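Novice:
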Amino acid sequence: MGRTLTVAVYDAGNYARANYANVETAENGTVNTSFELFDVNPAPLDFSNDYGAALSLTGDCQSSTPGKFVIPDNTSSSTYKNLWANLCTITVTKAGTYHLQVKRSSILNIDNTSLAESGNAWNQFSLKATVSGTGVTPALYGVGDLSLFNNLPGLTGNITATFYFAQIAQVHAGKTLSVNLYDPGDGASGNYFVNVLKPGDLATPCSYGILGGALTAASPCRIQTRTSAGNTYNGKWVRIDINIPTTYTCSADCWWKISYEFQGVTSGNSPNDRTVWSAALSGNPIHLVQ
Numbered sequence: 007m008g009r010t011l012t013v014a015v016y017d018a019g020n021y022a023r024a025n026y027a028n029v030e031t032a033e034n035g036t037v038n039t040s041f042e043l044f045d046v047n048p049a050p051l052d053f054s055n056d057y058g059a060a061l062s063l064t065g066d067c068q069s070s071t072p073g074k075f076v077i078p079d080n081t082s083s084s085t086y087k088n089l090w091a092n093l094c095t096i097t098v099t100k101a102g103t104y105h106l107q108v109k110r111s112s113i114l115n116i117d118n119t120s121l122a123e124s125g126n127a128w129n130q131f132s133l134k135a136t137v138s139g140t141g142v143t144p145a146l147y148g149v150g151d152l153s154l155f156n157n158l159p160g161l162t163g164n165i166t167a168t169f170y171f172a173q174i175a176q177v178h179a180g181k182t183l184s185v186n187l188y189d190p191g192d193g194a195s196g197n198y199f200v201n202v203l204k205p206g207d208l209a210t211p212c213s214y215g216i217l218g219g220a221l222t223a224a225s226p227c228r229i230q231t232r233t234s235a236g237n238t239y240n241g242k243w244v245r246i247d248i249n250i251p252t253t254y255t256c257s258a259d260c261w262w263k264i265s266y267e268f269q270g271v272t273s274g275n276s277p278n279d280r281t282v283w284s285a286a287l288s289g290n291p292i293h294l295v296q
């Protein structure tokens, strides 16, 4: 309490790049984007009002941090392109979750006038949250689902890429972790595999299959998403169920990870796999962290 929280966005606007598949700011097409920060909901178990006008921090942040960015396609490059821009700096008076809503459609300007739609594209950006002083640091996580872009330009042969996925405390022992993964396996060459790892980078069994269909048991949880014939799950949701044993323990390390294997990648055909992830524990949503 009483410390200063700053939320910032890197490369917030959409600025199409010719080499979009090979850079972190991989953007193409045309699209408007808005970012709006919301205050802590005083009723944390009621999600219906988390993005209500009453909780919007627009105009309530410190000087030069508006609380809301509205960025029409390919505008304000001197402010946002390849730059960090502070969305909101505010003195923390209550503990809890500050929701950041990112929108590409049905966008309202600061004066509540509508911003006309602008085509179709993807806009990649980064976020950071910092606080003044010492003590507990803020955590960033996705609510509902999280989009990830696996691009490994210029690499060939057998490649592995691993990222943090979710933090699951010991109290959830005995529950089922259900993961939904959309459209894995995009690329131009090689065989791709998704591995789910429990804390300590250890293998775990699972069951998986196309959402709504039958599930196949796998031990370890290693799922092939691309073969020589192409993307196995193009445009499809894949469900992955993991039974967390009653003996599950974790202390300092409660992180579950996703490890991608890209095998037999040839020159000029490096992976550029965009996926969407969601996860729940026996019906309860959990934090998704990259």
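In this text, residue positions in the sequence shown follow our numbering: the first is 7, and each later residue adds one.
Each residue gets a CB set at the ideal place from its N, CA and C atoms; glycine is no exception.
This one's a predicted model, so the numbers in the text were calculated from it and none came from an experiment.
#1: Is it the case that the stretch 125 to 135 contacts the stretch 7 to 23, given that we only count it when at least three CB pairs across the two stretches are under 8 Å?
#2: Within the continuous beta strand (DSSP E) that includes threonine 166, where are the two ends?
#3: Check whether the Cβ atoms of asparagine 157 and asparagine 278 lie closer than 7 Å to each other.
#4: Per the contact definition of three or more C-beta pairs closer than 8 Å, is the stretch 65 to 80 in contact with the stretch 30 to 38?
#5: Tell me whether alanine 91 sits in a helix, a strand or coil according to DSSP, three-state version.
#6: Give the single residue among Ile250, Ser83, Val271 whose Cα lies nearest to the Cα of glycine 196.
#7: Counting along the chain, where does the beta strand (DSSP E) carrying serine 184 start and finish?
#8: Out of curiosity, what's the CA-to-CA distance linking aspartate 259 and alanine 286?
#9: Answer with buried or exposed for aspartate 45, where buried requires no fewer than 16 other C-beta atoms within 10 angstroms of its C-beta.
#10: With DSSP as the reference, label leucine 208 as helix, strand or coil.
#11: Below 8 Å, how does it come out for the stretch 223 to 236 and the stretch 161 to 180: are there three or more Cβ pairs, yes or no?
#12: Does the stretch 160 to 170 come into contact with the stretch 57 to 73, if we say contact requires no fewer than three beta-carbon pairs (one atom in each stretch) closer than 8 Å?
#13: Could you check whether threonine 10 and serine 184 sit closer than 7 Å to each other, using their CB atoms as the reference points?
#14: State the DSSP-derived secondary structure class of asparagine 278, mapped to helix, strand or coil.
#15: Please report the residue range of the beta strand (DSSP E) in which serine 62 lies.
#16: Going by Cα to Cα distance, which pick from Phe199, Thr140, Pro251 is closest to serine 234?
#17: The beta strand (DSSP E) that contains tyrosine 86, what's its start and end?
#18: So, helix, strand or coil for glutamine 296, using DSSP?
Specialist: With the structure as the only source:
#1: yes
#2: 163 to 173
#3: yes
#4: yes
#5: strand
#6: It is Val271.
#7: 182 to 188
#8: 19 Å
#9: buried
#10: Three-state DSSP puts leucine 208 in a strand.
#11: no
#12: Touching, no, given that fewer than three Cβ pairs across the two stretches are closer than 8 Å.
#13: no
#14: strand
#15: It is not in any beta strand (DSSP E) - serine 62 carries neither H nor E in the DSSP assignment.
#16: Phe199
#17: Unbroken run through tyrosine 86 is the alpha helix (DSSP H), 83 to 86; no beta strand (DSSP E).
#18: Caution applies to glutamine 296, whose pLDDT of 46 falls short of 50 and renders its modelled position unreliable; the model cannot decide the point.
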